[in-house]
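Contents: one structure, followed by commentary.
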Amino acid sequence: MKPSLQFGIADAGADYLLRPATFGLVFHDEKIACVRVTRDTPYYDLPGGAVDGDETEQEALIREYVEETGMTVRPLERIAEAAQYFRKSDGQPVNNIGGFWIAEMLALDPSRKVEDDHELVWLHPRTALAELRHDAHAWAVAKWLRR
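Next up, the structure:
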């Protein structure tokens with residue numbers, strides 16, 4: 601699986617796990633849904649993550665949104681594909697490869713969220729461009745803004 605666009609710089613000698621992933625862009629009141637992840641150093645991501653087993657990107661996106669935010673979404677359109685080299689919080693080198701989807705919020709029930717270190721935040725797209733941890737995520741927001 602070779603990405604059409606690669607972000608980040610691979611550390612020399614590191615063996616990067618190729619991880620199929622998917623992330624979503626949900627807009628409401630001119631803001632975009634993001635997650636503030638509170639670990640050693642807090643950061644912002646687009647909701648989403650790994651595609652598990654035989655899941656489709658859409659199925660993984662629906663699951664990840666519930667786990668991270670409590671939001672039920674409907675994926676509408678795959679607008680981009682990119683990859684991002686990074687190290688997980690445990691230090692494991694990973695290359696997320698996958699799609700970025702426009703999705704529609706159907707419902708929001710915070711009690712369904714299971715990831716305690718993730719908090720749903722609504723950011724203005726320009727703020728998201730500056731604050732998102734991964735360049736691939738900021739690029740996907742910019743791509744949507746320029747449509």
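Quick note on numbering: my numbering labels position 83 of the sequence shown as 683, and the sequence is numbered without any gaps.
Ideal Cβ placement from N, Cα and C applies to all residues, glycine included.
All figures in this text were calculated on a predicted structure; none of them were measured in a lab.
Residue burial is scored here from C-beta neighbours: residue 673 has at least 16 other C-beta atoms within 10 angstroms and is therefore classed as buried.
If you ignore the 5 residues before and after residue 658, its C-beta comes within less than 8 Å of the C-beta of 622, 675 and 701, all in its own chain and listed in chain order. The Cβ atoms of residue 613 and residue 647 do not sit closer than 7 Å to each other.
Annotated as distal: residue 714 and residue 655, with beta-carbon spacing of 7 Å or more. The closest CA to that of residue 627, considering only 694, 609, 721 and 696, is found on 721.
For residue 702, the enclosing beta strand (DSSP E) covers residues 693–708.
Per DSSP, the beta bridge partners of residue 645 are 635.
Shown here, residue 679 sits in a strand according to DSSP, grouped into three states.
With fewer than 16 other Cβ atoms from the protein chains shown falling within 10 Å of its own Cβ, residue 610 counts as exposed.
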